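Chemist:
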Amino acid sequence: MASSRFASYFFLLISLIAIAGSTYVAVAYPKQMLSIMFPMFPVVVLILCVLTFLSGFYYYKARVDEEAQRAQEREREMLQKIVRKVAKGKSTG
């Protein structure tokens, strides 16, 4: 759970850095110079998309794991309450 959250934040940070760098390159150079100076621009955009997808995937995975853990905790608490009520009923009856 914590590792998924860490991976999510890591990929998000890398994605934000890539977005900032791509924006700087796109703003700093005109399109003609961009194709000459940075011919791998489509590859960078593709990598950016993959990193963004991975950050979303790991974020969703961490949320699902946390919700499953909370559901298990609630179920355990309910079972403990039932056991206590049954034990009280047996001790008084």
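Heads up: the sequence shown is residues 22 to 114, going by my numbering. We put the CB at the ideal spot given by N, CA and C, even for glycine. These numbers come from a predicted model, not from an experiment.
1. If contact is defined by three or more beta carbon pairs under 8 Å, each pair taking one atom from either stretch, is the stretch 72-83 in contact with the stretch 32-41?
2. If contacts are defined as beta-carbon pairs under 8 Å, then Ser-25 and Ser-76 qualify, I think. What distance do you get, rounded to the angstrom?
3. What separation, rounded to the nearest whole angstrom, lies between the Cα atoms of Gly-42 and Leu-67?
4. Quick check on Lys-92: buried or exposed, where buried means 16 or more other Cβ atoms within 10 Å of its Cβ?
5. What are the complete alpha helix (DSSP H) segments, minimum 4 residues, inside the stretch 31-104?
Modeler: With the given structure in hand:
1. Yes, they touch.
2. Not a contact, Cβ separation roughly 11 Å.
3. Roughly 14 Å between the two C-alpha positions.
4. According to the sequence provided, residue 92 is Ala. The question's Lys does not apply to it. It counts as exposed.
5. Within the stretch 31-104, the runs of alpha helix (DSSP H) at least 4 residues long that lie entirely inside it are, in chain order, 52-58.
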